[in-house]
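Take the sequence shown: its position 286, counting from 1, is numbered 286 in full-length UniProt numbering, and each next residue is one higher. As structure tokens, the structure follows; a few thoughts come after it.
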Amino acid sequence: MSAIDAPNQFIETNGRRLAYRSIGEGKPIVLCTRFRGNLDCWDPAFLDALAAAGFRVITFDYSGLGLSTGTASYNPFVMVNDPRDLIEVLSLRDVVIAGWSLGGIVAQVFVAQHAAHVSHAVLFGTTPPGPIVKPAEPLFFTTAGREVNDFEDEVILFFEPRSAESRAAARRSADRIAGRTSGRSPAVPVEFARANLAGDPSAPIFPALPVLAALRATTVPILHVGGDHDIIFPVENWYALNQSLPTVQLLTYPSAGHGPHHQHPEATAEHIATFVRTTARKPAAAL
Numbered sequence: 001m002s003a004i005d006a007p008n009q010f011i012e013t014n015g016r017r018l019a020y021r022s023i024g025e026g027k028p029i030v031l032c033t034r035f036r037g038n039l040d041c042w043d044p045a046f047l048d049a050l051a052a053a054g055f056r057v058i059t060f061d062y063s064g065l066g067l068s069t070g071t072a073s074y075n076p077f078v079m080v081n082d083p084r085d086l087i088e089v090l091s092l093r094d095v096v097i098a099g100w101s102l103g104g105i106v107a108q109v110f111v112a113q114h115a116a117h118v119s120h121a122v123l124f125g126t127t128p129p130g131p132i133v134k135p136a137e138p139l140f141f142t143t144a145g146r147e148v149n150d151f152e153d154e155v156i157l158f159f160e161p162r163s164a165e166s167r168a169a170a171r172r173s174a175d176r177i178a179g180r181t182s183g184r185s186p187a188v189p190v191e192f193a194r195a196n197l198a199g200d201p202s203a204p205i206f207p208a209l210p211v212l213a214a215l216r217a218t219t220v221p222i223l224h225v226g227g228d229h230d231i232i233f234p235v236e237n238w239y240a241l242n243q244s245l246p247t248v249q250l251l252t253y254p255s256a257g258h259g260p261h262h263q264h265p266e267a268t269a270e271h272i273a274t275f276v277r278t279t280a281r282k283p284a285a286a287l
């Protein structure tokens, strides 16, 4: 079964219904989606490549959004309950927790709060916690808050508009995502999204020093996959923490933006598979 025709499935837990999809067999990887994201915002080629690499690939809608019920929130310390409950109800073990953008923040909170449940963490186009050295570009906020994002908006938000190769990859990715025609997840309401956009683009979006402290002490191997021109979460903020995050590896694609795994779906899946296969948790005393 491919991502394009994976059936919608549901669990009932803690007073709400969570929608999810699952493809592949093997080590579970649970993917937390981006701002304004739902089940249908992941590139099927990326999900299929993960499945082909030996993962059980699980995507889901956050509470109160898409096909899930409950109360919607974009507070990562609330959102983290969704992957936690999904992992518990599905009896998953030794999980790779992964997340894109806002979902990458959720994944970091998960590592800080529930490290015993995960073997690895994979982050895409997200920000580290704490102070930052390079702020977001205002263009992201004006584009992300539009009622409907057309193809050109998606190029701005997730790719590198100055690169012909990145633009071509954006077109291919958009066509693949549009390939699912039934059972699609409803869009995140624009009013909800706008209400959660930062008022000050220069302010750090994830000023969570306890999470930063947890990442400095964790034994969970972490891989961040970024683009060299991410207009919302510049990858430079990760490099500024070199030598202070003992388990973090950084992979940065050239001429790429906020959605590097959509520009390079197969390569990113292979990098993740190699990372998980060759990198193990270290004893705490070794850090």
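Using N, Cα and C, we set each Cβ at its ideal position, and we do this for glycine too.
How would you write the range of the beta strand (DSSP E) that E12 sits in, first residue to last? 9-13
Under a three-way DSSP split, which group does H224 fall into? strand
Excluding the 5 residues preceding and the 5 following A280 in the sequence, name in chain order all residues of the same chain whose CB lies nearer than 6 Å to its CB. none
In chain order, which continuous runs of the beta strand (DSSP E) of length 3 or greater are located wholly inside the segment 112-148? 118-124
Let me know the secondary structure DSSP gives P76 once reduced to three states. helix
Apart from the five residues just before and just after P234, which ones in its own chain have a Cβ nearer than 6 Å to its Cβ? K134
Taking the beta carbon of R56 as the centre, do at least 16 other beta carbons fall within 10 Å, making it buried, or is it exposed? buried
Expressed to the nearest angstrom, what Euclidean distance is found between the alpha-carbon atoms of H13 and D85? The displayed chain sequence assigns Thr, not His, to residue 13. In a straight line, the C-alpha of T13 is about 7 Å away from that of D85.
Those residues which DSSP pairs with A19 across a bridge: F10
How would you label D94, buried or exposed, when you count the other beta carbons within 10 angstroms and need 16 or more for buried? exposed
For the 8 Å Cβ check, are there 3 or more pairs between the segment 255-273 and the segment 201-215? no
Starting from the C-beta of N237, find all residues in its chain whose C-beta is less than 7 Å away, skip the five residues before and the five after it, and write them out in chain order. T127, P128, I132, V133, K134
Status (buried if at least 16 other CB within 10 Å, exposed otherwise) for M1: exposed
Range covered by the alpha helix (DSSP H) that runs through residue 308: One cannot answer for residue 308 here, as it falls past the ends of the chain, which runs 1 to 287.
D230 burial status per 10 Å Cβ neighbour count (16 or more: buried): buried
By a C-beta neighbour count over all protein chains shown, 10 Å radius and 16 as the cutoff for buried, is D175 buried or exposed? exposed
So is G179 buried or exposed if we call it buried at 16+ other beta carbons inside 10 Å? exposed
Thinking C-beta only, is I232 closer than 9 Å to F124? no
Contact the segment 159-174 vs the segment 247-258: 3+ CB pairs below 8 Å: yes
Since residue 292 and V96 are thought to touch, with beta carbons under 8 Å apart, how far apart are those beta carbons, to the nearest angstrom? Nothing about residue 292 can be reported from this structure: the residues present for the chain run from 1 to 287 only.
Use the C-beta contact count for S182: other C-beta atoms within 10 angstroms, 16 or more gives buried, fewer gives exposed. exposed
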